[in-house]
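Undergrad: Numbering (my numbering), first residue to last: 9 to 591. Have a look at this one.
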Amino acid sequence: MKFRSLIFTGVAAALLGFALVGRAAEAPAPVMRDLVVTGRYLQLPVKHGAPKRLVALGIDGAKVREFTIELAEETVKPDFWVEAEIDAWRGRSLQVRAEGLPAGSTALDRIEQGDTLKDAADLYAEPLRPQWHFSSRRGWNNDPNGLLYYEGQYHLFYQHNPFGWGHGNMTWGHATSPDLVHWEERGDVLHPDALGTMYSGSGVVDWRNTSGFGTAGRPPLVLIYTAAGGTNPWSQGQPFTQCLAFSADAGRTWAKYAGNPVLGERAPKNRDPKVIWHEPTRRWVMVVYVGYPKAGGEKDAKGRPAVNHTIEFFASPNLREWTYLSRVEGFFECPDLFELPIDGDAGNKRWVLHGASTDYMVGRFDGTTFTPETPILKGTRGNAYYAPQTFSDMPDGRRVQIGWGRVPMPGMPFNQQMFFPCELSLRTTPEGPRLAWNPVRELATLRGRTHRVAEGALAPGDNPLAAVHLREFEIEAEIEPGAATAVGFRLRGVPVVYDVARQELTAEKSKARIPLEAGRLRLHVLADRRSLEIFGDGGVVYMPLKIAPPTDDTTLELFARGGTATVRALEVRELKSIWPQRP
9 MKFRSLIFTG VAAALLGFAL VGRAAEAPAP VMRDLVVTGR YLQLPVKHGA PKRLVALGID
69 GAKVREFTIE LAEETVKPDF WVEAEIDAWR GRSLQVRAEG LPAGSTALDR IEQGDTLKDA
129 ADLYAEPLRP QWHFSSRRGW NNDPNGLLYY EGQYHLFYQH NPFGWGHGNM TWGHATSPDL
189 VHWEERGDVL HPDALGTMYS GSGVVDWRNT SGFGTAGRPP LVLIYTAAGG TNPWSQGQPF
249 TQCLAFSADA GRTWAKYAGN PVLGERAPKN RDPKVIWHEP TRRWVMVVYV GYPKAGGEKD
309 AKGRPAVNHT IEFFASPNLR EWTYLSRVEG FFECPDLFEL PIDGDAGNKR WVLHGASTDY
369 MVGRFDGTTF TPETPILKGT RGNAYYAPQT FSDMPDGRRV QIGWGRVPMP GMPFNQQMFF
429 PCELSLRTTP EGPRLAWNPV RELATLRGRT HRVAEGALAP GDNPLAAVHL REFEIEAEIE
489 PGAATAVGFR LRGVPVVYDV ARQELTAEKS KARIPLEAGR LRLHVLADRR SLEIFGDGGV
549 VYMPLKIAPP TDDTTLELFA RGGTATVRAL EVRELKSIWP QRP
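Here is the structure:
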């Protein structure tokens with residue numbers, strides 16, 4: 009439908025929170041469309057490379073949303089459509105205001121309302137869509153946030169740009185799953201506001217209603233997030249602070265706490281609060297990243313002010329009031345803190361302090377101070393895994409982690425993905441306790457047809473997988489290298505090579521040492537459209553990778569070089585899509 013167009017007046021601009029004072033004489037005046045909300049979605053066309061426009065939505069004159077968007081002009085075919093949910097304002101007056109449009113622009117004429125998504129028939133059927141890794145239906149995603157379990161549902165929140173392919177407009181998207189595998193998007197829950205855009209954080213179930221946000225018989229779900237002040241025009245001049253939002257209806261609706269922020273600025277751009285309940289001290293504990301500028305104006309390699317990367321610990325009885333406890337240096341962004349038994353022994357547990365790069369430290373935590381027993385250790389070995397987080401309130405005691413897959417999706421209406429959920433454990437190694445990653449057991453629900461390779465010799469030139477053609481699959485292999493100097497796979501054009509003498513695996517320029525176990529190499533591989541995940545040494549080696557094979561390459565190869573190896577066991581399993589549609 010078409011809407012009435014008008015030049016924005018000073019009065020209307022003020023109502024939406026923008027001043028026109030000081031506007032350059034040659035700059036075009038903002039343009040607005042008026043409408044009455046009749047649909048669930050406001051749908052906007054996006055064109056890659058178009059100038060970014062600042063758009064604000066106002067309800068009855070009060071600004072409720074602000075975002076930048078590569079808005080497609082009326083004469084240009086959009087690359088894809090994005091949407092803002094407006095259902096909560098049905099029957100009310102909505103103003104759509106855009107800055108920077110050239111004189112005479114008709115870009116806003118294409119805005120539509122509707123109760124169904126535009127081009128919905130194409131969703132989840134795109135050529136690069138991961139088939140069993142979560143990805144947002146449209147727009148950019150990065151860090152997983154607020155991972156928690158409640159009443160039969162796993163909740164995944166995530167950094168989301170609902171209005172574009174690239175990073176920006178940081179908002180919390182929301183998806184739920186009954187099994188950690190099949191995900192359904194629930195819409196965005198935390199939107200940028202006058203305190204900033206919505207950076208990363210965590211979530212908990214407040215079982216004791218310490219926050220007071222709950223209702224009789226139902227504990228609140230509470231999200232703890234960073235309001236990134238100054239990252240949108242609405243919040244210019246504001247610092248980075250830590251804030252709360254809560255749901256009293258099992259995550260169906262969310263409200264920001266009126267007393268935000270609950271933790272003020274410690275240093276510029278302090279961020280990413282992870283909160284846990286510490287039972288021995290019966291209080292909440294927060295770990296948050298704080299980068300303190302180094303003394304003397306020291307610069308880093310890029311000429312920026314150098315900082316000491318620090319994780320600070322805070323405590324609270326109620327999630328609303330926080331007291332400083334202690335700090336640990338050496339970790340950057342997105343901290344996590346959790347306890348695990350060593351080798352499954354419940355009587356021998358240690359705490360793990362973990363950072364965005366997956367580097368970690370094993371030690372003890374008394375509710376106030378983390379005491380390390382190891383140096384900072386290297387975590388994953390891949391090229392695309394970042395900012396992982398573990399779930400709170402798991403029903404079975406498992407420690408499950410999901411990480412952001414930094415995997416570009418060119419030409420798609422979505423960008424990036426999550427890697428597959430992994431169960432974490434602490435294993436004894438000759439070097440001491442080490443983290444291990446393994447796919448959650450729910451992977452079995454995706455398995456389809458199995459292709460088995462018979463036990464026997466693997467000579468140079470042999471390829472027992474020549475007849476198997478797949479894009480999405482799982483491999484479990486046990487191989488004795490024997491006289492071979494190298495064994496491995498070529499998976500859709502991607503070499504995965506194990507150097508026997510070095511006991512080193514290489515894939516996509518990533519390397520990891522994997523010791524032979526009783527003379528055998530054991531590997532577990534997961535392959536999706538644009539990613540590989542390789543597990544070795546019982547999960548102590550986890551190599552999550554972005555790959556860029558031709559979309560039509562389905563060839564698989566198992567090989568030995570320099571001599572004959574022996575296949576002891578090998579299965580290739582087809583994996584089914586988690587989405588409602590499939591190409």
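C-beta atoms are modelled at their ideal positions from N, C-alpha and C, and glycine is treated no differently. Predicted model, so just to flag it, every value in this text is computed and none were measured.
Over what stretch of residues does the beta strand (DSSP E) that includes VAL296 continue unbroken?
TA: Per DSSP, VAL296 belongs to the beta strand (DSSP E) from 291-301.
Undergrad: Going by other Cβ atoms of all chains shown within 10 Å of its Cβ, with 16 needed for buried, is ASN150 buried or exposed?
TA: Looking at its Cβ environment, which holds 16 or more other Cβ atoms inside 10 Å, ASN150 is buried.
Undergrad: Do THR184 and HIS168 have their C-beta atoms within less than 8 Å of each other?
TA: no
Undergrad: Answer yes or no: do GLY211 and LEU156 have a C-beta to C-beta separation smaller than 8 Å?
TA: yes
Undergrad: Determine, using beta carbons only, whether LEU327 and LEU252 come nearer to each other than 8 Å.
TA: yes
Undergrad: Distance, Cα to Cα, GLY599 vs LEU553?
TA: Lying before the first or after the last residue shown, residue 599 is absent from the chain, which here runs from 9 to 591.
Undergrad: Excluding the five sequence neighbours on either side, which residues of its own chain have a C-beta within less than 7 Å of the C-beta of GLY546, listed in chain order?
TA: ARG435 and ALA444
Undergrad: Which residues in the same chain have their Cβ closer than 6 Å to the Cβ of HIS362, if we skip the five residues on either side of it in sequence?
TA: Its chain contains ASP344 and TYR368 as the residues whose beta carbon lies nearer than 6 Å to that of HIS362, once the 5 sequence neighbours on both sides are disregarded; these appear in chain order.
Undergrad: If we ignore side chains and look at the alpha-carbon of each, how far apart do MET40 and LYS60 end up?
TA: 16 Å
Undergrad: Would you kindly report the start and end of the unbroken beta strand (DSSP E) that includes PHE399?
TA: Taken as a continuous stretch (DSSP letters only), PHE399 belongs to no beta strand (DSSP E), as it is neither H nor E.
Undergrad: Give me the Cα-Cα distance between TRP89 and PRO53, rounded to the nearest whole angstrom.
TA: Approximately 5 Å, taken between the alpha carbons.
Undergrad: With distances taken Cα to Cα, identify the nearest neighbour of GLY305 among GLU582, PRO313 and ILE77.
TA: PRO313
Undergrad: Determine which residues share a DSSP beta bridge with MET551 and list them.
TA: ILE542
Undergrad: Around the Cβ of GLU134, are there at least 16 other Cβ atoms within 10 angstroms (buried) or fewer (exposed)?
TA: buried
Undergrad: Less than 8 Å between the CB atoms is what I'm expecting for PHE481 and ARG581, so what's the real figure, rounded?
TA: 6 Å
Undergrad: CB GLU82 to CB ASP117, shorter than 8 Å?
TA: yes
Undergrad: Measuring straight from C-alpha to C-alpha, what distance separates THR234 and ALA202?
TA: 13 Å
Undergrad: Between PHE321 and ASN153, what straight-line distance do the alpha-carbon atoms span, to the nearest angstrom?
TA: 19 Å
Undergrad: Do the region 89-99 and the region 63-80 make contact, defined as three or more Cβ pairs closer than 8 Å?
TA: yes
Undergrad: Which ranges does the beta strand (DSSP E) cover as unbroken runs of at least 3 residues, wholly within the region 188-222, from first to last along the chain?
TA: 205-213
Undergrad: Runs of 3 residues minimum, wholly inside the region 48-81: which ones carry the beta strand (DSSP E) assignment?
TA: 49-54, 60-67 and 70-78
Undergrad: Taking just the CA atoms, how far does ALA37 sit from ARG31?
TA: Below a pLDDT of 50, predicted positions are generally treated as unreliable, and ARG31, at 43, falls in that range; no measurement from the model is reported.
Undergrad: Could you tell me which of VAL283, MET402, ARG274 and ARG290 sits nearest to HIS298, measuring between CA atoms?
TA: Correcting the residue type first, residue 298 is Val in the shown sequence and not His. Of the candidates VAL283, MET402, ARG274 and ARG290, the one whose C-alpha sits nearest the C-alpha of VAL298 is ARG274.
Undergrad: Who are the near neighbours of ALA452 in its chain, counting only those whose CB is closer than 7 Å to its CB and skipping five residues on each side?
TA: none
Undergrad: Please name the residue or residues paired with ILE410 in a DSSP beta bridge.
TA: GLN397
Undergrad: For ARG279, collect the residues of the same chain with a Cβ closer than 6 Å to its Cβ; drop the 5 residues on either side in sequence, then sort them by chain order.
TA: TYR207, THR234, PHE248 and TYR297
Undergrad: What is the rounded straight-line gap between the Cα of ALA33 and the Cα of PRO110?
TA: For ALA33, the predicted model reports a pLDDT of 46, less than 50, meaning its position is unreliable and no value from the coordinates is stated.
Undergrad: Helix, strand or coil, according to DSSP, for THR114 in the structure here?
TA: Three-state result, THR114: coil.
Undergrad: Looking at LEU540 and VAL502, is the spacing between their C-beta atoms short of 8 Å?
TA: yes
Undergrad: How long is the line joining the alpha carbons of CYS342 and LYS282, rounded to whole angstroms?
TA: 8 Å
Undergrad: Kindly indicate the opening and closing residues of the beta strand (DSSP E) around PRO380.
TA: 378-380
Undergrad: For PRO438, which of helix, strand or coil comes out of DSSP?
TA: coil
Undergrad: Only counting the same chain, and skipping five residues up and downstream in sequence, which positions put a Cβ closer than 7 Å to that of VAL29?
TA: Interpretation of VAL29 is limited by its pLDDT of 35, a score under 50 that renders its predicted location unreliable; no figure is taken from the coordinates.
Undergrad: May I ask which residues mark the beginning and end of the beta strand (DSSP E) holding MET178?
TA: No beta strand (DSSP E) contains MET178, which DSSP labels as neither H nor E.
Undergrad: Starting from VAL283, follow the beta strand (DSSP E) in both directions and report where the run begins and ends.
TA: 279-286
Undergrad: Do you know whose CA, among THR218, VAL461 and HIS190, lies nearest THR574's CA?
TA: VAL461
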